[in-house]
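Chemist:
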DNA sequence: CGTATGACGAGCC
DNA sequence: AGGCTCGCCATAC
């Protein structure tokens with residue numbers, strides 16, 4: 001299942017770092033599979049151990065159609081890990097962006 | 001098996 | 001800069 005691959009990769013994202021959907025898709029060898037990544041994370045159960053909050057869109061923004069409350073939660077979780085959001089609610093991917101498993 | 005959908009992304013207006 | 005459309009991939013029906 002593609003989900004498993006995605007989950008395992010997301011679980012490798014270190015604290016204080018974030019990755020984009022498209023980035024993860026490329027790491028899995030699917031340059032255009034960003035939507036699939038979102039699909040996988042969407043299917044995640046509530047009590048999951050996967051740090052889904054460290055996954056943002058290509059602009060370093062939080063995408064959450066489940067409501068503004070969830071967005072605030074994700075943002076709070078990240079800020080607690082040291083990730084900084086600017087005034088427009090964006091994360092500096094050049095600073096907090098995860099380069100991949102190789103970085104570890 | 002064909003169609004529709006979605007935590008996306010890049011391009012166009 | 002902001003919003004809309006089209007393209008891509010895997011899954012659900």
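Numbering (this note's numbering), first residue to last: 1 to 104.
Every residue, glycine too, gets a C-beta built ideally from N, C-alpha and C.
All values derive from a computational prediction rather than experimental measurement.
Since residue 13 and residue 45 are thought to touch, with beta carbons under 8 Å apart, how far apart are those beta carbons, to the nearest angstrom?
Modeler: Actually they are not in contact, since the Cβ atoms of residue 13 and residue 45 sit about 19 Å apart, beyond 8 Å.
Chemist: By alpha-carbon positions, which one of 34, 19, 66 ends up nearest to residue 54?
Modeler: Measuring from the Cα of residue 54, the nearest candidate turns out to be 19.
Chemist: Quick one: any contact between the segment 68 to 78 and the segment 30 to 49, if contact means 3 or more CB pairs under 8 Å?
Modeler: Because the criterion of three Cβ pairs below 8 Å is not met, the segment 68 to 78 and the segment 30 to 49 do not touch.
Chemist: Using the beta-carbon count (16 or more within 10 Å), is residue 60 buried or exposed?
Modeler: The residue is buried, with at least 16 neighbouring Cβ atoms inside 10 Å.
Chemist: So, under 8 Å CB-CB, residue 22 and residue 58 are touching, yes? Tell me the CB distance rounded to an integer number of Å.
Modeler: The pair is a contact, with the Cβ atoms about 5 Å apart (cut-off 8 Å).
Chemist: Grab the span of the alpha helix (DSSP H) containing residue 6 for me, first residue to last.
Modeler: Run containing residue 6: 2 to 11, per the alpha helix (DSSP H) assignment.
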